[in-house]
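For reference, the structure is listed below as structure tokens.
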Amino acid sequence: MYKYRSGFTSYIEKFTKIDHENKVKEVEIVEGGFLDIGFNFYRMKTEIIEDPKDDTSSSCIVKSTLEYDVKEEFAANASFATSEPLVAIMSAANEHLLKSN
10 MYKYRSGFTS YIEKFTKIDH ENKVKEVEIV EGGFLDIGFN FYRMKTEIIE
60 DPKDDTSSSC IVKSTLEYDV KEEFAANASF ATSEPLVAIM SAANEHLLKS
110 N
């Protein structure tokens with residue numbers, strides 16, 4: 010389990026699946042974060058997929074899936090469930106890797 014600080018609170022996440030062969034990682038928040046703002050459950054799945062359009066195998070596609078359940082009285086908080094932070098991290102990593110070559 011890992012503890013993080015996000016934009017609105019800290020949280021602890023647990024890796025529920027790590028599949029190196031298929032390049033899949035799943036994490037669930039088990040304390041704090043989304044659970045503190047009315048979510049019953051929050052899971053993020055990340056998959057790294059080879060880019061079928063890249064004959065050099067030097068690029069990939071990152072697929073992110075969010076699964077969550079929100080208590081009815083906190084339904085407006087569902088808008089916080091977004092992959093934008095992951096997209097920002099992937100963009101920064103992409104820029105760094107392109108500069109490194």
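Using this note's numbering, the first residue of the sequence shown is number 10, and each one after it goes up by one.
Each residue gets a CB set at the ideal place from its N, CA and C atoms; glycine is no exception.
Item	Value
Use the C-beta contact count for Ile38: other C-beta atoms within 10 angstroms, 16 or more gives buried, fewer gives exposed.	buried
If you reduce the DSSP assignment to three classes, tell me which class Gly60 lands in.	Residue identity differs from the one stated: residue 60 is Asp in this sequence, not Gly. Reduced to three states, the DSSP call for Asp60 is coil.
Determine the DSSP secondary structure at Lys108, reduced to helix, strand or coil.	helix
Could you tell me if Phe50 is buried or exposed, where buried requires 16 or more neighbouring beta carbons within 10 angstroms of its beta carbon?	exposed
Going by the DSSP bridge assignment, what does Lys72 pair with across the sheet?	Glu56
Count the CB pairs spanning the stretch 46-65 and the stretch 29-36 that are closer than 8 Å, and state whether there are at least three.	yes
Using three-state DSSP, classify Asn103 as helix, strand or coil.	helix
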